[in-house]
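Here the structure comes first, spelled out in structure tokens, and everything after it is commentary.
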Amino acid sequence: MKKHSVDLTVNGREASLLVEPRQSLADALRGELGLTGSHLGCEHGVCGACTIIVDGDPVRGCLMLAVQAQGADVVTVEGVSPKVGLSEIQAALREFHGLQCGFCTPGMVVVLHHLFSENPRPSEAEIREAISGQLCRCTGYQGIMNAAKAVAARHQSKNV
Amino acid sequence: MTIGKPVVRVEDERFLRGEGRFTADYTLPFMVEAHIFRSPYGHARIAAINLDAALALKGVHAIVTGADLPEGLAPIQCRIPTHGDLSPYLQYPLARDKVRYVGEPIAVIVADTRAVAEDAAELIEIDFDPLPAVTDPARAIEPGAEPIHESGNLAGRWGFDLGDVPGALSEAAFIASDSFSIQRHSAMPMETRGLLASYDAGRNLLDIYGPTKVVHTNRNMLAAMLGMGEAEIRMIEPDVGGSFGARGEFYPEDYLIPFVAMRVRRPVRWIEDRVEHFAAINHSRDCAFHVTVAANRDGIITAFDVKLVTDMGSYIRTHGDVVPSHAAASFPGPYRVRNYRIDAMTVMTNKTPTGTYRAPGMFEANFARERAIDRLADKMGIDRAELRRRNLIQPEEMPWYVGTESVKRPTIFDSGNFPLIMDRALKAYGWDAPFEREVNGWKRGRGLCALVEPSGLGPFEGVRIEVDQHGKVQIFSGSSNQGQGHETILAQIASEVLTVPMEKIRVRHGDTGIITFGGGTYASRTAIMGGNAVHSASVGVRQKALDAASRKFGIAVEDLDLREGAIWHGHRNEPVVTLGGIARMLMPGNQEILVSPSAGNIPDNDGLVVTSYVRGVTAGAAVFAVHMADVLVDPETGETKVERYFVACDVGRQLNPLIVEGQIVGGVVQGLGGTFLEELAYNEDGQLTTGTFADYLMPNVYDVPPITALVFEESPALTNVLGVKGVGEVGPSGVGATIGNAIANALATDTGLNKLPLTPERILQSTGFGGLQ
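Each protein sequence line maps, in turn, to chains A and B. Sequential numbering of the first sequence, starting at 6, is according to the numbering used here. Sequential numbering of the second sequence, starting at -16, is according to the numbering used here.
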């Protein structure tokens, strides 16, 4: 099958993909660029483990074709992680035991980073809404909610 | 002191940064990919297979069918004892003449990429002669039913008959009797299964990435099937996205992927897709009870009389009949009931084969027993908690021998003060506090469930601890990890005994190349068996270090002490030597302790290394738990809202409260999924009709109530040094029962609510509304 060249920005750096038209963006990021943090849990757009940010919005990497990403600005879990250590949200997820097996975690981290970048002090309802498209089979969500609420509360008290 | 502290998990950072390495993240040079062609029919004969077009597709390396498997290859064996001989029902890695469920592997396609392999699958031509599919276990055992196997559709019939059930029933003052069923559902880990097999033909060595749970067992099973030496195969567990009992058993693919890698002489990776996962991984639960419970005038339960029919699916897999076996063995639960009878039937149908799912047999038995006990309490007109309290096993009766057995081990509760925990739980929840029965037309109900969860099963576990010259500690565990936090808790135990900080300890696990024997992870056994193996090896390291320091420095062992990762002499304020220093002294070839090179070889030091294997305990460790919940029900629509959920349990001793709570809360939510949402439903043709996440609904964040875990350390396990009991199954185990009881209480109904999942239709039906099936 003929391959197509796609030029895009990934985590702030220019990148090129050479992909079949049928290849998903998630597959291309994983297979072509080695960004294996985006996970494929269902490949039909329900579980959310592959969620990435495309041009500022959360997108299911499994439902978007790589060829659709020409010129796009893509951010993955690798892109929201600091050079070393953990971001504030990541550290809160660890502190509140908001992950167990870690498979859904990159998607959770990405949507929470997106939420907090748009709204540094989200309400509980807004946090719930933000992660409602992400399935986690291990934690029962309580630790994830507690982590995000704690970050929001810290922002509130520091007036971030 | 690290044991018992809410230490944040050492494994979290890599997952949070997207740096976990799961099976699909591994590649090898010249790797090709596999796709499995699966049966589209529930029951059919294979008349002919034509691979010509598929093989001609560019990029296809090989296609293997049943005809290509070695002559005389044995089917995949059960790894645990069963009730009776189930060998006629075992599964071969590929179907030959007949397929018995939708999703049964028929061929393996190896191609340059997964996409090309899937293209080739479209080109495979198979002539099927469809046979009638058998999907209802009751009809499967009727005379004249289509036989799925030559040995018939009734795979097993067995049971227990303790005490005098007919006598107790005839003398009973109160009897409640009803049928209860638990739908087919399963673990559904977020990561699908996958394997990457690489064969070094010249050396006859096979490496496999992707196995988990019981890697040594699987390695040995594969070695037997391939005719290889056990140590010639290395199974390596990567990061694993959840198991909950289902993932990591030996499946057909665990033979097929190594087999094709050996055939094409290239590394072969297979990553299951989600739709495939639905049809291929073990399903679970799927059983129906008929329960009769009897009591005398004083509210003493005098008998349980039970019938149990379990739908095993189309083949018996590695777990055998462990689900109905555990259900039958533990059915009487935490109650001192000596008259107990169960008649269990295991039935084959044209559905995906079954195995365990978190709290196997227990979620099921607890639902049936505890719903029946609520019926009995309602008949007697006494408080539901009070009826349970009157019948609890008393602390002075421990250890309690139920009189049953499962997987050839007697069911024994090692320790516990059930009445004390029950009282504390009821008080903490406010069970007796009055509550508003109606809110905006919705009815509120309160439910509870008491249960005992066995844990820490299995024959043994092993650990090797190595301390290097820098004082870094490596723990090589025979156990495995699918997200529970074992890298943290095992390090905590070593940290405490060796007085070494967590940062200097690494836990490695799930790899047959790093330790000779291993038991694996199931039944909450890693905290118990793996944890005690770490404890034992750590104590061994401490002793070895003290002995070495004593010899080297000429100080009596009694005058030496291990603290802060070093050996100290009494109360002097300088350490004599660090653990790293001891490790260097004990390296073979080091002359500091032994003599210089000799005329003949003599035994040398073997490092600051200790291997410890600990033997399993028949009884395991029994965890007592009480679940309670408040539920709102809309009597017009059958809609429900769980307002709060509560679990109290006695875990003996907590290794890490953060992880204990996480296990309970996460487990409850899985239980809620099984109670309200999840169902692997089949139509009459044997087609799975809920085979995507759009049809098979799992709890999302909106489906979760506030959940409180009240954890006691009242009765340490008497069967292990650490005193720990398992916590993995306590969460889901009582949810179906508790919610069913709460809804029945809300609607003040004494019928219905006996079939899971509790859909709005069934809830309406229980009040006489609705009329829908």
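Note that CB positions come from ideal geometry on N, CA and C, so glycine has one too. The model shown is predicted, which means the values in this text are computed figures rather than measured ones.
**Request:** Check the Cβ of S128(A) against every Cβ in chain B and list those closer than 8 Å, keeping chain order.
**Result:** Position 123 of the first sequence, counting from 1, holds the residue named residue 128(A). Ordered by position in chain B, no residue passes the 8 Å Cβ test against S128(A), which lies about 14 Å from the chain.
**Identity of the residue in T81(A), H102(A), E129(A) nearest G145(A) by Cα** = Counting from one through the first sequence, the residue named residue 145(A) turns up at place 140. Among T81(A), H102(A), E129(A), the Cα nearest to that of G145(A) is on H102(A).
**Request:** Quick one: which residues of the region 3 to 35 of chain B get their C-beta closer than 8 Å to a C-beta of chain A? List them in chain order.
**Result:** Of all residues in the region 3 to 35 of chain B, G3, R4, F5, A7, D8 have a Cβ within less than 8 Å of some Cβ in chain A.
**Message:** For a contact defined as C-beta to C-beta under 9 Å, what are the partners of R133(A) on chain B?
**Reply:** For the purposes of this step, residue 133(A) is identified with residue 128 of the first sequence, where counting begins at 1. Contact note: R133(A) reaches chain B through V684, Y685, using a C-beta cutoff of 9 Å and chain order.
**Asked** Beta carbon of N374(B), beta carbon of Y412(B): below 7 Å?
**Response** If you number the second sequence from 1, residue 374(B) lands on position 391. If you number the second sequence from 1, residue 412(B) lands on position 429. Y412(B) sits away from N374(B), with the two beta carbons spaced by 7 Å or more.
**Neighbourhood of Q377(B) by C-beta, 8 Å cutoff - its chain only, sequence neighbours within 5 removed** = Within the second sequence, the letter at position 394 stands for residue 377(B). Hits under 8 Å: R319, F401, P402.
**Message:** Between T144(A) and chain B, is any beta-carbon pair separated by less than 7 Å?
**Reply:** Taking the first residue of the first sequence as 1, we reach residue 144(A) at position 139. Under the Cβ criterion of 7 Å, T144(A) is counted among the residues facing chain B.
**Prompt:** Closer than 7 Å, CB to CB, is M(-16)(B) near chain A or not?
**Reply:** In the second sequence, counting from the first residue as 1, residue -16(B) sits at position 1. For M(-16)(B), no CB of chain A lies under 7 Å from its own CB, so it is not counted at the interface with that chain.
**Request:** Using a cut-off of 7 Å between C-beta atoms, extract the partners of F629(B) located in chain A.
**Result:** Translated into positions along the second sequence, residue 629(B) becomes position 646. Within chain A, no residue has its beta carbon less than 7 Å from that of F629(B); the closest one is some 13 Å off.
**Prompt:** Going by the CB atoms, is the gap between I46(B) and A36(B) shorter than 7 Å?
**Reply:** In the second sequence, counting from the first residue as 1, residue 36(B) sits at position 53. In the second sequence, counting from the first residue as 1, residue 46(B) sits at position 63. No, the pair does not count as a contact, with Cβ atoms beyond the cut-off.
**Prompt:** Does the beta-carbon distance from E220(B) to T200(B) come in below 7 Å?
**Reply:** On the second sequence, position 237 is the one that residue 220(B) refers to. On the second sequence, position 217 is the one that residue 200(B) refers to. No. Outside cutoff.
**Message:** Which residues of the region 219 to 230 of chain B have a Cβ closer than 7 Å to any Cβ of chain A? Give them in chain order.
**Reply:** Flagged, chain order: D222, V223, G224, G225.
**Request:** Identify every run of the alpha helix (DSSP H) within the region 630 to 688 of chain B, keeping only runs that are complete inside it and at least 4 residues long; order them along the chain.
**Result:** With a minimum length of 4 residues, the continuous alpha helix (DSSP H) runs that stay inside the region 630 to 688 of chain B are 640 to 655.
**Message:** I want to verify the contact list: residues of chain A whose CB lies under 7 Å from the CB of T675(B), in sequence order.
**Reply:** On the second sequence, residue 675(B) is found 692 positions in, with the first residue counted as 1. Chain-ordered, the chain A residues with CB closer than 7 Å to the CB of T675(B) read H49.
**Supposed contact pair A720(B) and C270(B) - C-beta distance, whole angstroms, cut 8 Å** = Stepping through the second sequence from its first residue, residue 270(B) is reached at position 287. Stepping through the second sequence from its first residue, residue 720(B) is reached at position 737. The beta-carbon distance between C270(B) and A720(B), rounded to whole angstroms, is 14 Å. This is too long to meet the 8 Å contact definition.
**Request:** Give a yes or no on whether the minimum CB-CB distance between S137(A) and chain B is below 7 Å.
**Result:** Along the first sequence, read from residue 1 onward, the residue named residue 137(A) stands at position 132. At least one chain B Cβ lies under 7 Å of S137(A).
**Item:** Cβ of V625(B) within 7 Å of any chain A Cβ
**Value:** The residue you call residue 625(B) lines up with position 642 of the second sequence. Using a CB distance cut-off of 7 Å, V625(B) does not count as an interface residue toward chain A.
**Message:** When you compare the CB of Q95(A) with every CB in chain B, is at least one pair closer than 7 Å?
**Reply:** Here residue 95(A) refers to the residue found at position 90 when the first sequence is read from its first residue. With respect to chain B, the C-beta atom of Q95(A) has a partner C-beta closer than 7 Å.
**Request:** Under the assumption that G649(B) contacts C143(A) (Cβ atoms under 8 Å), give the Cβ distance between them as a whole number of angstroms.
**Result:** Position 666 of the second sequence, counted from the start, is the residue given in the question as residue 649(B). Position 138 of the first sequence, counted from the start, is the residue given in the question as residue 143(A). Their Cβ separation, rounded to whole angstroms, is 5 Å, which keeps G649(B) and C143(A) in contact under 8 Å.
**Prompt:** Span of the beta strand (DSSP E) holding S129(A)?
**Reply:** Translated into positions along the first sequence, residue 129(A) becomes position 124. The sequence given here has Glu at residue 129(A), not Ser. First-last for E129(A): 129 to 136, but that is the alpha helix (DSSP H), not the beta strand (DSSP E).
**Prompt:** Taking the Cβ atom as the reference point for each residue, do A229(B) and N187(B) lie within a distance shorter than 7 Å?
**Reply:** Taking the first residue of the second sequence as position 1, residue 229(B) is located at position 246. Taking the first residue of the second sequence as position 1, residue 187(B) is located at position 204. The answer is no: Cβ separation not under 7 Å.
**Request:** Identify the contact partners of Q465(B) in chain A, using a Cβ-Cβ distance below 8 Å as the criterion.
**Result:** To locate residue 465(B), count along the second sequence from 1; it is residue 482. By Cβ distance, chain A contributes C106.
**Asked** Where does the unbroken alpha helix (DSSP H) through I448(B) begin, and where does it stop?
**Response** As a working mapping, residue 448(B) is identified with position 465 in the second sequence. I448(B) -> not in any alpha helix (DSSP H); beta strand (DSSP E) instead, spanning 443 to 450.
**Straight-line Cα distance separating N724(B) from D326(B)** = Along the second sequence, read from residue 1 onward, the residue named residue 326(B) stands at position 343. Along the second sequence, read from residue 1 onward, the residue named residue 724(B) stands at position 741. Their Cα atoms are separated by approximately 25 Å.
**Item:** Residue closest to T10(B), alpha-carbon to alpha-carbon, out of P442(B), R354(B), P250(B), I472(B)
**Value:** Residue mapping note: residue 10(B) aligns to position 27 of the second sequence, counting from 1. Of P442(B), R354(B), P250(B), I472(B), the residue nearest in Cα terms is P250(B).
**Message:** Just list the residues that DSSP pairs Y628(B) with in beta bridges.
**Reply:** In the second sequence, the residue the question calls residue 628(B) occupies position 645. Looking at the DSSP assignment, Y628(B) forms a beta bridge with A612(B), I690(B).
**Request:** Would you identify the three-state DSSP class for H696(B), choosing helix, strand or coil?
**Result:** Along the second sequence, read from residue 1 onward, the residue named residue 696(B) stands at position 713. Going by the sequence as given, residue 696(B) is Glu instead of His. It is coil, neither helix nor strand.
**Expected contact under 8 Å - CB spacing of A7(B) and I92(B) to nearest Å** = For the purposes of this step, residue 7(B) is taken as the residue at position 24 of the second sequence. For the purposes of this step, residue 92(B) is taken as the residue at position 109 of the second sequence. No, A7(B) and I92(B) are not in contact; Cβ-Cβ is about 18 Å, not under 8 Å.
**Request:** Indicate whether E124(B) and L114(B) have their beta-carbon atoms separated by less than 7 Å.
**Result:** What you label residue 124(B) is simply residue 141 of the second sequence in a count that begins at 1. What you label residue 114(B) is simply residue 131 of the second sequence in a count that begins at 1. Note on residue identity: the sequence assigns Ile, not Glu, to residue 124(B). No; because the gap between Cβ atoms is not below 7 Å, this pair is not in contact.
**Separation of V247(B) from K41(B), as counted between CA atoms** = Indexing the second sequence from 1 puts residue 41(B) at position 58. Indexing the second sequence from 1 puts residue 247(B) at position 264. Taking the straight line joining both Cα atoms gives about 16 Å.
**Prompt:** From which residue to which residue does the beta strand (DSSP E) around E19(A) run?
**Reply:** As a first step, residue 19(A) must be located in the first sequence, where it is residue number 14. Segment 18 to 24, the beta strand (DSSP E) holding E19(A).
**Message:** Please confirm whether P63(A) has its beta-carbon closer than 7 Å to some beta-carbon of chain B.
**Reply:** As a working mapping, residue 63(A) is identified with position 58 in the first sequence. With 7 Å as the cut-off, P63(A) does not count as an interface residue toward chain B.
**Cα-Cα separation between R28(B) and A207(B), rounded to whole angstroms** = Taking the first residue of the second sequence as 1, we reach residue 28(B) at position 45. Taking the first residue of the second sequence as 1, we reach residue 207(B) at position 224. Spanning the two alpha carbons is a distance of roughly 29 Å.
**Request:** Taking F659(B) as the query, report the chain A residues whose CB atoms sit under 9 Å from its CB, ordered along the chain.
**Result:** The residue labelled residue 659(B) in the question sits at position 676 within the second sequence. The contacting residues do not exist; F659(B) stays about 14 Å from chain A at best.
**Request:** Compare the C-alpha of G74(B) against each of P88(B), H66(B), T65(B) and name the closest.
**Result:** Within the second sequence, the letter at position 91 stands for residue 74(B). Gly is not the amino acid found at residue 74(B); the sequence shown has Gln there. Among P88(B), H66(B), T65(B), the Cα nearest to that of Q74(B) belongs to P88(B).
**Message:** In the DSSP output, what is H492(B) paired with across the bridge?
**Reply:** The count along the second sequence starts at 1 and reaches residue 492(B) at position 509. When DSSP reads this structure, H492(B) sits in a beta bridge with S460(B).
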